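Asks: With the first letter of the sequence shown counted as 1, position 353 gets the number 352 in numbering that gives the first Met the number 0; the numbers rise by one all the way through.
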Amino acid sequence: MMTTVDNKKMFIGGEWIEKESTIEVHDPQDNEVIATVPRANETDMLKAINVAKDGAETAAKMPVHERMEILHRAADFVKHYKHLYAITIASEGSKTITEAQGEVDRCIETLRISAEETRRIHGETIPFDQMPGHENRIGYFYRFPIGVVGAITPFNDPLNLVAHKIGPAIASGNSIVVKPATLTPLSALLLAEAFEAAGLPDKVLSVVTGKGSEIGDALVTHPAVRMISFTGGLETGTDIAHKAGLKKLSMELGSNSPTIVLKDADIKEAVDSCVSGSYGAVGQNCIGVQRIFIERPVYDEFMEQFANLSKQYTTGDKKLAATKMGPLISEQEAIRVEGTVAEAVANGATLLTGGKRQGAYYEATVLADVPRHARIVKEEIFGPVVMLFPVDSLDEAIEKANDVEYGLQAGIFTRDTKLAFQAIQSLNVGGVMVNDSSDYRIDGMPFGGVKGSGLGREGVSSSIQEMTEPKVVQFKL
Ligand code: NAP
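#1: Between the Cα of Val219 and the Cα atoms of Gly406, Ala320, Gly172 and Val147, which residue gives the shortest distance?
#2: With three or more C-beta pairs closer than 8 Å as the rule, is the stretch 73-90 touching the stretch 404-418?
#3: Taking 8 Å as the cut-off, decide whether the C-beta atoms of Pro383 and Gly244 are in contact.
#4: Which parts of the stretch 143-187 are runs of the beta strand (DSSP E), unbroken and 3 residues or longer, counting only runs that do not cross its ends?
#5: Suppose only complete runs of 3+ residues qualify. What are the beta strand (DSSP E) ranges in the stretch 246-286, listed by chain order?
#6: Verify the contact flag: Phe381, CB atom, against every heavy atom of ligand 1, threshold strictly below 7 Å.
#7: Is Phe76 near ligand 1, in the sense that its beta carbon is under 7 Å from a heavy atom of that ligand?
#8: My understanding is that Ala191 touches Val77, with C-beta atoms under 8 Å, so please give their C-beta distance in whole angstroms.
#9: Rounded to whole angstroms, what is the Cα-Cα separation between Ile214 and Met226?
#10: Is the Cβ-Cβ distance between Ala55 and Ser171 less than 8 Å?
#11: Sorry if obvious, but does the Cβ on Gly406 come closer than 7 Å to a heavy atom of ligand 1?
#12: With distance defined between alpha-carbon atoms, name the residue in Val433, Pro144 and Ala51 nearest to Asp201.
#13: So what's Val288 in DSSP terms, helix, strand or just coil?
#14: Strictly by DSSP, which residues pair up with Ser228?
#15: Would you mind stating whether Val161 and Pro144 have Cβ atoms separated by less than 8 Å?
#16: Measure how close the beta-carbons of Ile151 and Gly211 come, nearest whole angstrom, since I'm counting them as under 8 Å.
#17: If we ignore side chains and look at the alpha-carbon of each, how far apart do Pro389 and Pro257 end up?
#18: Using DSSP with H/G/I as helix, E/B as strand and the rest coil, what is Gln357?
#19: Measuring straight from C-alpha to C-alpha, what distance separates Phe154 and Glu294?
#20: How many angstroms separate the CA atom of Gly279 from the CA atom of Asp104?
#21: What whole-angstrom Cβ distance do Pro27 and Ile328 have, given they're in contact under 8 Å?
#22: Should Asp238 be listed as close to ligand 1, given that the test is whether its C-beta is under 7 Å from any heavy atom?
#23: Can you find a heavy atom of ligand 1 that lies under 7 Å from the Cβ of Pro489?
#24: Give me the Cα-Cα distance between Gly287 and Ser277, rounded to the nearest whole angstrom.
#25: On the CB-based measure, 16 or more other CB atoms within 10 Å of its CB, does Thr349 come out buried or exposed?
#26: Going by beta-carbon coordinates alone, are Ile259 and Phe292 separated by less than 8 Å?
#27: Closest to Gly149 by CA distance: which of Asn49, Asn427, Ile96 and Gln100 is it?
#28: If Ile96 and Lys242 are in contact, beta carbons under 8 Å, what's the gap, nearest whole angstrom?
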C-alpha cells in the first residue's frame, strides 16, 4: 500500500514496473515535485497490449458473480483509504481537498454501479417469424465483451474518470489498458492498487504512464485494441479518431456549456447553482458553466448577485478544508486563460470581477458585453471564467446557446414547464438540466455530447453497451 507519493512504478498486467527514464509529477500549487512515474515507451505500451490480449480471454471467462465481487472489493478498498485517495487527487491536480473527497465518493459510486450493472448485461429474444418463411425459428441475442479496451484519460478528474473506464470494462468482461494524463498519473496508479488488492486476475488491467505524444499512437492504432475510450480535448480526440482505424470509439470531449435563466426563475437559486457550476475544479470541467443567457428583465439583478458571489469564490491553499478554489493545473494554463480574457476585453468585453493571475492561480472572473465574434464565445475556456449575455426571448437564448461547435450539457432555470420542454427539444446537447446548471451530473446517467463534444455515452450502463457487442443465436426447429 502506498503511503507517500514518491518514485512510483507503473502497472503492466499485474506487475509493478519501474524504468530509468521517468516523468516528474508536480503539485501545481507550488510546482514542487511530489513524485516521479516511469516514462513508458512504445515497447512498454506494446507489451501492455500483448498482455491485455491474454487478459481479455481471462476476463471474458470470469463469471458475473466474480466480476461483481472484484468491483465491490475495489470500491471497499478505495473507501477504506479514502483520505489517501483524496490527498493524492488534491496534490497532483487542481482540486481542493473538499473537491477531492467528493471525487473519491463518486469513484466509489462508479465502482459500485459497475458491480451492480454486471448482472444486468442482458440480451433479448428475437421474433424471427416477423418475416414470411421464417416461422419455425427461435433465437435471441446476448452481449459479449469486445476484447481489449484502450482508455485515455484527462487531468481534471484523475480518479473518477479512470474508474468510468475500468469499472464498466471489468463489468463487461474486457481487459483494459489505461494511459492516464501525464500531469496526474498518481490517482490512476492508486486505483490499480485497489484492483490488485481486490483480486483482479493478472493481465486484465494495465496502467501505463507516459506521454500521449510518445505512446498514444501505439495504443490507438493497434489492431488488437478493439475500442478506444477517450476523455479529453477536441483536438486530441479528433487526431485519435483519424488514426484509430477499424475500432469502436467513445469520445468524451470538451464544451463551453450554456445555462439559460428566464425571467420567471428563482434568481437566487440560479445564481448559487451557476456559481458553483462555473468555478468547481477551477472551471476545468467539461460541463462547467461558461455562457449564461439571462432574460433582460432579470439581467441586472442576476448580474449583480452573480458578480458579488463570484467575488467570494476566493483562491487559497488546496489542502485547507475552507478553500473554495485551488490553482489551475499549471502556470502555463493560467497564462493561457489570462490571455484569452485580455483578448476578450480588448475586443470590447467588460470585466465585472476577477481577471488577475498569480502563478497558476486565476481569480473567479465574470465578463459582460462580450462580442459574439470573440474567441472565448466559441471556444472552451477550461478555466474560472464566465460570460453573461442578456437575451430578449427563449428563442434567442437557444439560438445563441446552439451557435457553437460543442454540445455536451445545458441548463435552464424556469418555473414554466412549457418553456422548459421547448428548451429540452431545441437545445442541441447530450443533456438538459432544468432548474440546475449545465454542471449537474450523477455517475449512473448516460453522459456525453453531440457535435464537437463527442461520440457515444459514458455513465456505467451506457459504457457497458459501448464495450460489448450483440451476438445473435438462431435455432431452426
Ligand atoms: P488532452 O490534452 O486532450 O489530453 C487527454 C489525454 O490524451 C491525456 O492522457 C493525454 O496524454 C492524451 N494524449 C495527448 N496526445 C495524445 C495522442 N497523440 N495520442 C493519444 N493520447 C494522447 O486533454 P486534457 O487537457 O488532459 O483535458 C482537458 C479536456 O478534457 C477538456 O477539453 C475537457 O473538456 C475534456 N474533458 C471531457 C470530459 C467529458 O466527459 N466529456 C471530461 C473531462 C474532461 P498526455 O497527458 O501525456 O499529453
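Beta carbons: idealized from backbone N, C-alpha and C, even for Gly. Please read all numbers here as calculations on a predicted model, not as lab measurements.
Replies: Inspection of the coordinates gives the following:
#1: Taking only the C-alpha atoms, the option nearest Val219 is Val147.
#2: no
#3: no
#4: 147-151 and 174-178
#5: Here the runs fully enclosed are 247-251 and 257-260.
#6: yes
#7: no
#8: Contact flag wrong, Cβ pair sits at about 12 Å.
#9: Between Ile214 and Met226, the C-alpha separation is close to 16 Å.
#10: Between Ala55 and Ser171, the C-beta spacing is not below 8 Å.
#11: no
#12: Ala51
#13: coil
#14: Ala150 and Ser249
#15: no
#16: 7 Å
#17: 13 Å
#18: strand
#19: 35 Å
#20: So the alpha carbons of these two residues sit roughly 16 Å apart.
#21: 5 Å
#22: yes
#23: Beyond the ends of the chain as shown, which are 0 and 476, falls residue 489; an answer cannot be given.
#24: If you draw a straight line from the Cα of Gly287 to the Cα of Ser277, it is about 5 Å long.
#25: exposed
#26: yes
#27: Asn49
#28: That pair is no contact at about 38 Å.
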